[in-house]
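Each residue of the sequence shown is one higher than the one before, counting from 16 in my numbering.
Read the structure below first, then the notes.
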Amino acid sequence: MRSLRRLTTSLSARLRDDSGVATLEGAVLAPIVIFATMVIVQAACYFMANTTATNAAQISVESARLQGATDADGEEAGRSYLSQVTALDDATVDVGRAGGTVTATVIAPAPSIVPLVPMPEVRSVVNAPEERVTQP
Numbered sequence: 016m017r018s019l020r021r022l023t024t025s026l027s028a029r030l031r032d033d034s035g036v037a038t039l040e041g042a043v044l045a046p047i048v049i050f051a052t053m054v055i056v057q058a059a060c061y062f063m064a065n066t067t068a069t070n071a072a073q074i075s076v077e078s079a080r081l082q083g084a085t086d087a088d089g090e091e092a093g094r095s096y097l098s099q100v101t102a103l104d105d106a107t108v109d110v111g112r113a114g115g116t117v118t119a120t121v122i123a124p125a126p127s128i129v130p131l132v133p134m135p136e137v138r139s140v141v142n143a144p145e146e147r148v149t150q151p
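Put into structure tokens, the structure is as follows:
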């Protein structure tokens, strides 16, 4: 009986002595919190780049669909917009026409805050009908 009491007393004393637990919790949780923060920031950068590509494609198609405008006019408008914002580097703007529809495509590498982790490219395609003048 005495050895059982000594064992339970020794066990409860060991359980009460939790010195170093906060350090251990911090050592385990800190990398998890940092990783989660990096994932959130990276996702925000990707979606911002996607929105920027969509804006550039929309501006390109709106410029190219005007009566008398050329595909080069739309591409220039898209490149001009992209030069004013810094969300995308090395973006390509392509405008084409087919069957009365103008299509603008913007493709760019997504920004990455972690240099060795490749991100998928950002691609945005916008279509609009060509503007044409009709008689009332």
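No residue lacks a Cβ here, since even glycine has one placed at the ideal position from N, Cα and C.
If only complete runs of 4 or more residues are kept, the segment 53-107 shows the alpha helix (DSSP H) at 86-99, in order along the chain. A123: member of the beta strand (DSSP E) spanning 116-123, first to last residue. Counted as a single uninterrupted DSSP element, the beta strand (DSSP E) harbouring V137 occupies residues 137-144. Per the DSSP secondary-structure output, R112 pairs in a beta bridge with V117. Note on S78: 16 or more other CB atoms within 10 angstroms of its CB, so buried under the neighbour-count rule.
Inter-residue distance for Y61 and D105 is about 15 Å (C-alpha atoms, whole angstroms).
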